[in-house]
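Heads up, the final residue of the sequence shown is numbered 1528 in my numbering, and it's a clean run with no missing numbers. Note that beta-carbon positions come from the ideal geometry of N, C-alpha and C, so glycine has one too. Remarks on the structure that follows.
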Amino acid sequence: MIQKFEPLRVVAQKDEYGCGVACVASILAVSYAESRRLLMKKKSGVQIDDTEVPGLDLHHLALALKDRDYQVVADWDEPKTFQPGTIVLVGRARGGLDHEHYILSVGGDLFMDPWINYPNREREAGLRKGYPKGKIFYVALVPKPGSHPH
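Pasting the structure below:
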């Protein structure tokens, strides 16, 4: 039986490349603004939507979560089911950075998508079954045993 990720808060991304910010905010049960501050420290103060270095890398997310005692490990092998609290990076088979997107597993094949109504500029978050249309699995940040969201 798959356990549902209970502390889930559906969080919409506010920045163009803020999907990772929203996933971290949901796991840590903090505001989007607080999550953004944590992640910008890990990105050495560079803005999330900086045109030269947009978005967040896996290590930015992992380090920000680690600072709040939520340990993750990267896994490049797609599992049959995702552990709740796993951040999944999806993208197009031949896509660039603007085609990558972080979503958060809440159990089974249900995900919190921080921009579920893409490409609408009024970003909304919601729950979706499976990956967004046209996206494939890239990598996942899986919680280590004993890591629990706050």
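Could you pull out every residue in the same chain whose Cβ sits closer than 7 Å to the Cβ of residue i, ignoring the five residues on either side in sequence?
i       : result
LYS1355 : No statement about residue 1355 is possible, as the shown extent of the chain runs from 1379 to 1528 and does not include it.
LEU1519 : LEU1436, LEU1439, ALA1440, VAL1450, ALA1452, THR1464, ILE1465
GLY1512 : ARG1470
For residue i and residue j, I'd like the C-alpha separation in whole angstroms.
i       : j       : result
ASN1498 : SER1483 : 23 Å
LYS1507 : ALA1440 : 25 Å
PRO1432 : GLY1524 : 32 Å
ALA1407 : VAL1424 : 23 Å
ILE1481 : ARG1472 : 19 Å
PRO1462 : GLY1485 : 5 Å
PRO1367 : GLU1456 : Outside the displayed range of the chain (1379 to 1528) lies residue 1367, so it cannot be described from this structure.
Can you tell me whether residue i is buried or exposed, with buried defined as 16 or more other CB within 10 angstroms of its CB?
i       : result
HIS1479 : buried
LYS1420 : buried
ARG1415 : exposed
SER1404 : buried
SER1422 : exposed
SER1413 : buried
TRP1454 : exposed
Who does residue i pair with in a DSSP beta bridge?
i       : result
PRO1521 : VAL1450
HIS1479 : VAL1468
MET1490 : LEU1482, LEU1505
Taking C-beta to C-beta, are residue i and residue j nearer than 9 Å?
i       : j       : result
ALA1390 : ARG1501 : yes
TYR1516 : GLY1469 : yes
For residue i, I'd like the list of residues in its chain whose CB is within less than 6 Å of its CB, leaving aside the five on either flank, ordered along the chain.
i       : result
VAL1388 : MET1490, ALA1503
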